[in-house]
Structures are given as C-alpha cells and as structure tokens.
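Asks:
Protein chains in written order, with our numbering: chain A, 1 to 115; chain B, 1001 to 1113.
1) Give the C-beta separation of residue 97/A and residue 32/A to the nearest angstrom, bearing in mind that I take them to be a contact with Cβ-Cβ under 8 Å.
2) Any residues in the stretch 1088-1108 of chain B with a beta carbon nearer than 7 Å to a beta carbon of chain A? Which ones, in chain order?
3) Using DSSP bridges, identify the partner residues of residue 1047/B.
4) With DSSP run on the structure shown, which of helix, strand or coil describes residue 84/A?
5) Let me confirm a value: residue 129/A is counted as buried when at least 16 other C-beta atoms fall within 10 Å, else exposed. Which label applies?
6) Relative to the C-alpha of residue 1101/B, which residue among 69/A, 47/A, 79/A is closest?
7) Look at the alpha carbon of residue 27/A and the alpha carbon of residue 1043/B, and state the distance between them as a whole number of angstroms.
8) Enumerate in chain order the residues of its own chain whose CB-to-CB distance from residue 15/A is below 7 Å, with the five nearest sequence positions on each side excluded.
9) Check the Cβ-Cβ distances between residue 76/A and every residue of chain B, and say whether any is below 9 Å.
Here it is as structure tokens:
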C-alpha cells in the first residue's frame, strides 16, 4: 500500500513571504518516485518535479525548492518570495515500484497568496 | 504542452443514463490513465491502460469501464451514471510507468442529476 498525506488543507500568505508545503508519504517499496503538481484556478494540472528514492539531493528551481528526507518520509516544497501567481492547489504524489501504473495523490494544499 | 484532449469538457446527464468520456493523445505514449477529482480526496485512479486493449483497475473502478482500441484513444464509460459519479475527470498519459511523470488533460466536468 502507498499513501500520501498533505496535512495542510489551506495556507494563506502575503506576497513575498516564504511558504513551505508539507508532504509525508508511506510505502513499503525501496524504489519509489515522488512528484509535485500544481493546479491553478484554471484547473489544469501542471507537473513540477519528480524525485526518485535514491536521490536525496535537494533541488532548487528559481523560487521553488524541494527538500526530500527519507528518514522522515517527507518531500516538502518551499516557495520563496511568494507571488500572487503562485496561488493554486498543490498536490504531492507517490509511485511505488510495486504499484505498476498507480500514482497516489495527497489531498492537496490550497495556497492563497494575497497582494 | 503534452498533446492531450478530453471530450466533452462539460456534461450534465441524468441518473441511469450511460456516459462516455474520451481522451485523445498525440504523443504516442504507451500509458494512459483516468482519474477523478473530488474535494477532500485529491485525485484517485479509476482505470489505466498499459497498451492497446490492455487495461487494469485503479482504486475507484466500481461503476466504470474503459476501452482502448487505438494507442491514441482511451475511453471511460459510466454504464449507468449515479449522482456519486458527479466529479471532474482527468485523463493522463506517460511514456512509461517506471516512475515517469504523468501529463494531464484539461479535465471533464460531469454532473449527474
């Protein structure tokens, strides 16, 4: 079984604040992949990042950064200097190697960035 | 953007009627998926396909069937729609399943009255 928990249902920040979205996962697989997707108000789902279980290096892409820690089964997402355009629902997802084709999503975190 | 289209984009139907949603891709990806999105549940996998005529169930497959007769098309059918199937349905594709990212279509909003 695999499971993803995003405990933060909604987060509200003021523009330029930093914000971290939490993601905790469960899997029995030793090989697995973690993902983040963004769903802006327009409704489409946009792929942001993929991480495999053997690569614990943190990643930075512009204002976005991801912290993967196997010891705590977490894959957190930080937005630095948030902007109004960052307002969206963010989903964390997990694919374990024993679950062919099956991507498990967290419930999502709604981020509102106020001007 | 990945070439994925869904039709229709919006549909209102009555309880008990059959409904078919279509997903079409131009990327020639082997894997295709159907998800539903409901408040508080994130996205949940309904069915997926790993090749023409090869399909398997996801976690919420009851009440749904799928078919894939061509690489580019993946159909989701609600044989007899119920109000609990009111949802937003997303199709996704991926080149392979070994942890490869999935790309999503624009979604279909289905309302069953």
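Beta carbons: idealized from backbone N, C-alpha and C, even for Gly.
Replies: Taking the geometry as given:
1) Locating residue 97/A in the first chain gives position 97, counting from the first residue. Locating residue 32/A in the first chain gives position 32, counting from the first residue. Indeed, because the Cβ distance is near 6 Å, the residues count as touching under 8 Å.
2) 1090, 1097, 1099, 1101, 1102, 1103, 1104, 1106, 1107
3) Here residue 1047/B refers to the residue found at position 47 of the second chain. In DSSP, residue 1047/B forms a bridge with 1034/B, 1057/B.
4) Taking the first chain and counting its residues from 1, the one referred to as residue 84/A is at position 84. Looking at residue 84/A - three-state DSSP - the assignment turns out to be helix.
5) Coverage of chain A is limited to positions 1 through 115, which leaves residue 129/A absent and any answer about it impossible.
6) Locating residue 1101/B in the second chain gives position 101, counting from the first residue. Checking every option, the nearest Cα to that of residue 1101/B belongs to 47/A.
7) In the first chain, the residue the question calls residue 27/A occupies position 27. In the second chain, the residue the question calls residue 1043/B occupies position 43. Between residue 27/A and residue 1043/B, the C-alpha separation is close to 18 Å.
8) For the purposes of this step, residue 15/A is identified with residue 15 of the first chain, where counting begins at 1. Hits under 7 Å: 82, 83, 84, 113, 114, 115.
9) Numbered from its first residue, the first chain carries residue 76/A at position 76. Not closer than 9 Å to any Cβ of chain B, the Cβ of residue 76/A fails to qualify, so no.
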